[in-house]
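Undergrad:
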Amino acid sequence: MRTVFKTSYDADINMFQHRYQFGWYALLLVIVLVLPLYLGSYWLGEMTSLLIWSIACMGLMILVGQTGQASLGHAAFLAIGAYANVLLQQRLGLPFIVSFPLAGLIAGICGALIAMPITRLHGVYLAIATLAINILVDDFIVIAAPLTNGVQGLFAPAIEIFGLTIDRYRTPIHFYYLALAVTLLVLFFYRNLMRSPLGRAFAAVRDSEISAQAMGVNIARTKALSFGISAGITGLAGALIGHYAGIFNNETFNIIISIQLLLAIVIGGLGSIHGAFFGAAVIALLPQSISMARDNLNWLFGTRAFSVPGMETAVFGLILVVFMLFEPRGIYGRWLKIRTYFQLFPFYRKDMFRRQKSYLKTERMR
Amino acid sequence: MSLLEFDNVTLRFGGVVAVNQVSFNVEEGEVFALVGPNGAGKSTVFNLISRFYNPAEGDIRFDGKSILGRKAYDIATLGIARTFQNIELFEHATVMQNLLVGRHRHRQSNFVTELLFTPFVRREERRHREAIEKVIDFLDLQAYREKYIAGLPYGVRKIVEMGRALAIEPRLLLLDEPASGLSVEETQDVAFWVEDIKKQMGITVIMVEHDMHLVSAVSDRVLALADGKALSLGTPQEVQNDPKVIEAYIGTTDEKQEVLA
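Here the protein sequences line up with chains U and R, keeping their order. First residue of the first sequence: 7, per the numbering used here; consecutive thereafter. First residue of the second sequence: 7, per the numbering used here; consecutive thereafter.
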């Protein structure tokens, strides 16, 4: 087991805790940088999709994992981001490099404005309110057909940045690097948030609103900021999804996507950046894995018995139930346990990660 | 001028009068204790000062200015810190992060500079870290610095909560039952700390406490409450011997009433 000997406050403030940690992440960065050179275009597309979902999951994780506010309507912000990005390009003729950050900003402002009334709600009521937002945005896209082209959808043009063409099909490697760059940028913001006062205020609101207030945290403002930052990042992911899909309409961002996003971060592990990536890997790669497994099983047994419609949804649901029952802390929580087991071998105890009983909270002052 | 003036305050929950025309002044630099049986309104007084409740009548003034126009999140900015009877720590954060939330009042950066983590934010973070390190040294919390609250024993949580309130660098510290559930040794530690908070840090302390040994050991003045009314105010000795206080705690017998009559 590694013991970090801290000699300055910076050891706690730095982005990486020690040199080894930095080394591992640098290695990971090198791997994702050289990956496109060795992948075929199919798997490159899948990796790009994984990165885009990671951005969306990070966006939702800031809200749900860090601030403790449930959202079942984050596909609404994906939609706002995607539509804002393409409309700014088509109607105002803005280049991608301007329309993309603006799309994030618009989604973020929408998120913060929506948050002001609805974050007065708690728990399941908040989840229902966000679900309603999702349905409203879906309906708005259909009704505002002159602007959004309704159910026919919008066509996302190829991206031009300083003469470089980025297109999902013609230049998939460029698109991969674009998604990677945005992922790294969001990761940088997320990590900075976690080590600064605002990130701690988010955790304070999540764990005890009453004492957060007594510490001088303005609850309404903090929640609105969290919603805004979360919606902004999700909007960026939405803009990328628009370009990735090529053509999209209101159906691209329906409630199922919202639910999948929430499931992803729960399966990945709430409250950690790693969890967002693990969760994104599950939703991005699982459908393909299931269909591959199905084809292989059909071939192996010489039947078509495994081609049951709706199999993917069922497997997805099953995985979620299994995680809820056996590993509520998600894939990242399980990884931490495995790592601790080997670090402490042979001294790992079964109850090491068992939570102590929570003491009574003063709910009556709500 | 007193640091905190509680002026004829009444609070009603429907028909129940939780605090009934209570007045008292807390002077700068003293340890002021609130005692009384269960349901006397001690914690309610704290919640009134924290602006969780709105009084029906009366005024609460801090440093000469009324705080009734202030929001609950403004109170820490004024320099009033508090702990909670049932421990309200941030469970899924480390001791250090909990103490750092206490520094929120001193936050100078905004969310844009924080997202970019500019050198200014780093300097601020170092300053906050240094400030909480003093609190950690004061309360002997070194061993728990990186531990998550969810895994800590009750006694340590109580002390962390006191530390978080001290990290605010308040002028007035409200301690809601700092020694409840603590062992004899831990209670003695609390007594020493309250003395030091008053003498070394110059912080005024208001304390709700049931342990009369602790109260008489550390407090300068005591206010006894019962059924929302102020019964008796004075030194610990005076209040303990006040017949009205004795009556409120253990009731009266017929003979005693005859004697008093």
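Glycine is no exception: its CB is placed at the ideal position from the N, C-alpha and C atoms. Nothing here was measured: the structure is a model prediction, and the numbers come from that model.
Who are the Cβ neighbours of ALA245/U in its own chain at under 6 Å, not counting the five residues just before and after it?
TA: Numbered from its first residue, the first sequence carries residue 245/U at position 239. So the list reads GLY87, ALA88, ASN91, PHE106 and ALA109, once near-sequence residues are dropped.
Undergrad: At a Cβ threshold of 9 Å, is TYR79/R touching chain U?
TA: As a working note, residue 79/R is residue 73 in the second sequence. Closer than 9 Å to some Cβ of chain U, the Cβ of TYR79/R qualifies, so yes.
Undergrad: From what residue to what residue does the alpha helix (DSSP H) around THR171/U run?
TA: To locate residue 171/U, count along the first sequence from 1; it is residue 165. Where THR171/U is concerned, there is no enclosing alpha helix (DSSP H), although the beta strand (DSSP E) it sits in stretches over 170–172.
Undergrad: How many whole angstroms separate the CB atoms of TYR338/U and GLY275/U, which I take to be in contact at a CB cut-off of 8 Å?
TA: Start at 1 with the first residue of the first sequence, and residue 338/U comes out as number 332. Start at 1 with the first residue of the first sequence, and residue 275/U comes out as number 269. The pair is a contact, with the Cβ atoms about 3 Å apart (cut-off 8 Å).
Undergrad: Kindly list the residues whose CB is nearer than 7 Å to the CB of ARG113/R, restricted to its own chain and excluding five residues on each side of it in sequence; keep chain order.
TA: Translated into positions along the second sequence, residue 113/R becomes position 107. Answer for ARG113/R: no residue qualifies.
Undergrad: If contact means a Cβ-Cβ distance below 8 Å, which residues of the region 84–114 of chain R contact chain U?
TA: ALA87, ARG88, PHE90, GLN91, ASN92, ILE93, GLU94, LEU95, PHE96, GLU97, HIS98, ALA99, MET102, GLN103, LEU106, VAL107, GLY108, ARG109, HIS110, ARG111 and ARG113
Undergrad: For HIS216/R, tell me which candidate among VAL162/R, ASP65/R, TYR154/R and PRO242/R has the shortest Cα-Cα distance.
TA: Along the second sequence, read from residue 1 onward, the residue named residue 216/R stands at position 210. The residue from VAL162/R, ASP65/R, TYR154/R and PRO242/R with its alpha-carbon nearest to that of HIS216/R is PRO242/R.
Undergrad: Alpha carbon to alpha carbon, how far is GLU33/R from VAL200/R?
TA: As a working mapping, residue 33/R is identified with position 27 in the second sequence. As a working mapping, residue 200/R is identified with position 194 in the second sequence. When rounded, the distance between both Cα atoms is 16 Å.
Undergrad: Going along chain C, which residues have a C-beta under 7 Å from PHE195/U?
TA: Within the model displayed, chain C is absent; protein chains U and R are what it includes.
Undergrad: Hey, ASP18/U and MET102/R: beta-carbon distance below 9 Å or not?
TA: The count along the first sequence starts at 1 and reaches residue 18/U at position 12. The count along the second sequence starts at 1 and reaches residue 102/R at position 96. In this structure, MET102/R lies closer than 9 Å to ASP18/U by Cβ.
Undergrad: Under 8 Å Cβ-Cβ, which residues of chain U neighbour GLU175/R?
TA: In the second sequence, counting from the first residue as 1, residue 175/R sits at position 169. Within chain U, no residue comes near GLU175/R; the closest Cβ sits about 11 Å away, beyond 8 Å.
Undergrad: Taking only the alpha-carbon atoms, compute the straight-line gap between PRO123/U and VAL190/R and give it to the nearest angstrom.
TA: The sequence position of residue 123/U within the first sequence is 117, counting from 1. The sequence position of residue 190/R within the second sequence is 184, counting from 1. Distance between the alpha carbons of PRO123/U and VAL190/R is about 49 Å.
Undergrad: PHE12/R by DSSP, collapsed to three states: which one?
TA: On the second sequence, position 6 is the one that residue 12/R refers to. Of the three classes helix, strand and coil, the one that applies to PHE12/R here is strand, per DSSP.
Undergrad: Quick one: does HIS134/R have its CB under 9 Å from some CB of chain U?
TA: Taking the second sequence and counting its residues from 1, the one referred to as residue 134/R is at position 128. Chain U contact via Cβ: present.
Undergrad: If VAL221/R sits next to VAL211/R, beta carbons under 8 Å apart, how far is it from one beta carbon to the other, in whole angstroms?
TA: One-based indexing of the second sequence puts residue 221/R at position 215. One-based indexing of the second sequence puts residue 211/R at position 205. Their Cβ separation, rounded to whole angstroms, is 12 Å, which puts VAL221/R and VAL211/R out of contact at 8 Å.
Undergrad: At which residue ranges does the region 56–84 of chain U contain complete alpha helix (DSSP H) runs of 4 or more residues, listed in the order of the chain?
TA: The region 56–84 of chain U contains no whole alpha helix (DSSP H) run of 4 or more residues.
Undergrad: How about PHE4/R and LEU204/U: do their beta carbons lie closer than 9 Å?
TA: Because residue 4/R is not part of the residues shown, which for chain R are 7 to 267, the question remains open.
Undergrad: Less than 9 Å between CB atoms is the rule here; does SER56/R satisfy it with respect to chain U?
TA: On the second sequence, position 50 is the one that residue 56/R refers to. Yes, because at least one Cβ of chain U sits closer than 9 Å to the Cβ of SER56/R.
Undergrad: How close, in whole Å, do the beta carbons of VAL224/R and VAL37/R come, if the pair is a contact with beta carbons under 8 Å?
TA: The residue labelled residue 224/R in the question sits at position 218 within the second sequence. The residue labelled residue 37/R in the question sits at position 31 within the second sequence. That pair is a contact at about 5 Å.
Undergrad: Which bits of chain U does PHE117/R rub up against, with CB to CB less than 7 Å?
TA: Mapped onto the second sequence, residue 117/R falls at position 111. LEU204 and LEU231, listed in chain order.
Undergrad: Using C-beta distances below 8 Å, list every residue in its chain close to SER72/R, excluding the 5 sequence neighbours before and after it, in chain order.
TA: Mapped onto the second sequence, residue 72/R falls at position 66. Excluding five sequence positions before and after SER72/R, the CB atoms of its chain that fall closer than 8 Å to its own CB belong to ASP65 and ILE66, given in chain order.
Undergrad: Near THR119/R, which residues of its chain fall below 8 Å by C-beta distance, leaving aside the five closest residues on each side in sequence?
TA: Your numbering for residue 119/R matches position 113 in the second sequence. These residues qualify, in order along the chain: PHE126 and VAL127.
Undergrad: Which chain U residues are close to MET128/R, counting only those with a beta carbon under 7 Å from its beta carbon?
TA: For this step, residue 128/R is matched to residue 122 along the second sequence. Per the sequence shown, residue 128/R should be read as Arg rather than Met. Near ARG128/R (Cβ distances below 7 Å), the residues of chain U are ILE19.
Undergrad: Under 9 Å, do ARG132/R and ILE174/R count as touching if we go by C-beta distance?
TA: As a first step, residue 132/R must be located in the second sequence, where it is residue number 126. As a first step, residue 174/R must be located in the second sequence, where it is residue number 168. No, they are not a contact pair.
Undergrad: Leaving out five residues on either side along the sequence, give the residues of the same chain with a beta carbon under 8 Å from the beta carbon of PRO176/R.
TA: By 1-based counting over the second sequence, the position of residue 176/R is 170. The answer, listed in chain order, is ALA82, GLY85, ILE86, ALA87 and ILE209.
Undergrad: Relative to the C-alpha of PHE90/R, which candidate in ARG227/U, SER214/U, ARG176/U and ARG310/U has its C-alpha closest?
TA: Position 84 of the second sequence, counted from the start, is the residue given in the question as residue 90/R. When each option's Cα is compared against that of PHE90/R, the closest is SER214/U.
Undergrad: Return the residue from the list THR136/U, VAL40/U and ALA251/U that minimises the CA-CA distance to ASP268/U.
TA: The residue given as residue 268/U occupies position 262 in the first sequence. Per the sequence shown, residue 268/U should be read as Leu rather than Asp. Ranking THR136/U, VAL40/U and ALA251/U by Cα distance to LEU268/U puts THR136/U first.
Undergrad: Taking the continuous beta strand (DSSP E) assigned at ALA39/R, which residues delimit it?
TA: For the purposes of this step, residue 39/R is identified with residue 33 of the second sequence, where counting begins at 1. Start and end: 37–41.
Undergrad: So which residues on chain U does ALA82/R lean against when the C-beta distance must stay under 7 Å?
TA: In the second sequence, counting from the first residue as 1, residue 82/R sits at position 76. Here the neighbours are ALA220, MET221 and GLY222.
Undergrad: I need the boundaries of the alpha helix (DSSP H) containing LYS250/R, first residue and last residue.
TA: Residue mapping note: residue 250/R aligns to position 244 of the second sequence, counting from 1. First-last of the alpha helix (DSSP H) with LYS250/R: 249–256.
Undergrad: Going straight from the alpha carbon of PHE329/U to that of ILE247/U, what length do you get?
TA: To locate residue 329/U, count along the first sequence from 1; it is residue 323. To locate residue 247/U, count along the first sequence from 1; it is residue 241. Rounded to whole angstroms, PHE329/U to ILE247/U spans 28 Å at the Cα level.
Undergrad: Mark ILE103/U as exposed unless 16 or more other C-beta atoms lie within 10 angstroms of its C-beta, in which case mark it buried.
TA: Taking the first sequence and counting its residues from 1, the one referred to as residue 103/U is at position 97. With fewer than 16 other Cβ atoms within 10 Å, it is exposed.
Undergrad: Going along the region 256–281 of chain U in order, which residues come within less than 9 Å of chain R, judged by CB to CB distance?
TA: GLY277
Undergrad: Can at least three beta-carbon pairs, one atom from the region 51–71 of chain U and one from the region 215–222 of chain U, be found at a separation below 8 Å?
TA: no
Undergrad: Quick one: is HIS128/U buried, meaning 16 or more other Cβ sit within 10 Å of its Cβ, or exposed?
TA: For the purposes of this step, residue 128/U is taken as the residue at position 122 of the first sequence. HIS128/U is exposed by the Cβ-count criterion.
Undergrad: Starting from GLN27/R, follow the beta strand (DSSP E) in both directions and report where the run begins and ends.
TA: By one-based count along the second sequence, residue 27/R stands at place 21. From DSSP, the beta strand (DSSP E) with GLN27/R extends over 22–32.
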